[in-house]
Each structure stands twice: as structure tokens, then as C-alpha cells.
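Colleague: One structure, as C-alpha cells, below. Some questions next.
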Ligand SMILES: [Zn+2]
């Protein structure tokens, strides 16, 4: 995407936004799917060969769980943005009903809150 698009005040290309959101959704879903299956780390190693392997395994599971927790809300946001695209409310803040700045949507197409509401939600 050309850099000048970020400053453009032209209406958003909703088809492009939709394509970006679907690509992002696929990426997140793939990562979540990988998380849900089996831990990748250590899968090529034999189990029980060394004292301490169990500890490493437990720690890596905790780390993986942490990643999953941050990916799921991200996926929810993308889903919500896609739903808004479909019902025609894309670009309208879920919190206060104001228009979300197009520059914000270009930067983060999954935004469903205006900057003020997103700050307040933190
Ligand atoms: Zn708002």
C-alpha cells in the first residue's frame, strides 16, 4: 500500500478493508489452531530422557497459553469488524456511535472503537 494512503481523506475502499480483515482473520485462526493442537516446542524430542524435561514442557505450555489469550481477543475484534462491514456500520464506533477516523481504520482495519473509546476501554 502506498504510504500516501495513510494520510488520504478519500473514502475507505471497503472491499479492500474486507480483504485485509479476512486475511488477518485467516492468519490469527491459523495461529490459534496451531495453539489448540499440540505444543510445537519439544515435539521432536524424546520424552522422559532427562530430569527437568517435564519442567520445560510445563513452562512452554504456560507461555503458549499466554499467546493464545492475546490472539483470541484479536480474532474477536476482526470478527466484529467483519460483521460491521456486512451490516453497514463499519467505521462507526461501537462505544459512542461516532465516526472512526479513516486514518485509524487504514492503520488498524479491525478497529471497532474510536480513539477516545479505545483509550477509555483500557
Ligand atoms: Zn467512541
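Residue numbers (the numbering used here): -16 to 105. All residues carry an ideal CB built from backbone N, CA and C; glycine is no exception.
Which residues does DSSP list as the beta-bridge partners of residue 75?
Modeller: Counted from its first residue, the chain shown places residue 75 at position 92. 82, per the DSSP bridge assignment.
Colleague: Which residues neighbour ligand 1 when neighbourhood means a C-beta less than 6 Å away from any of its non-hydrogen atoms? List them by chain order.
Modeller: Ordered along the chain, the selected set is 76, 78, 79, 81, 96, 97, 99 and 100.
Colleague: If you count every other CB in all the chains shown that lies within 10 Å of the CB of residue -2, and 16 or more means buried, which is it?
Modeller: Here residue -2 refers to the residue found at position 15 when the chain shown is read from its first residue. With fewer than 16 Cβ atoms within 10 Å of its Cβ, residue -2 is classed as exposed.
Colleague: What did DSSP end up calling residue 100 once you bin it into helix, strand or coil?
Modeller: Numbered from 1 along the chain shown, position 117 holds the residue referred to as residue 100. Helix, per DSSP.
Colleague: Just mark residue 74 as buried or exposed, buried being the case when its beta carbon has 16 or more other beta carbons within 10 Å.
Modeller: On the chain shown, position 91 is the one that residue 74 refers to. Looking at its Cβ environment, which holds 16 or more other Cβ atoms inside 10 Å, residue 74 is buried.
Colleague: Going by DSSP in three states, residue 56 sits in which element: helix, strand or coil?
Modeller: Along the chain shown, read from residue 1 onward, the residue named residue 56 stands at position 73. Of the three classes helix, strand and coil, the one that applies to residue 56 here is helix, per DSSP.
Colleague: Among 13, 5, 59 and 68, which one has its Cα closest to the Cα of residue -5?
Modeller: Locating residue -5 in the chain shown gives position 12, where the first residue counts as 1. The candidate whose alpha carbon is nearest that of residue -5 is 68.
Colleague: Taking CB distances under 8 Å as the criterion, tell me whether residue 63 reaches chain D.
Modeller: No chain D is present in this structure, which holds just one protein chain.
Colleague: CB-CB under 8 Å to residue 79, same chain, minus the five flanking residues each way: which ones, in chain order?
Modeller: Numbered from its first residue, the chain shown carries residue 79 at position 96. Result list for residue 79: 97, 99 and 100, in chain order.
Colleague: To which residues of the same chain is residue 104 closer than 8 Å at the C-beta, ignoring the five residues directly before and after it?
Modeller: Along the chain shown, one-based indexing puts residue 104 at 121. Contacts found: 78 and 96.
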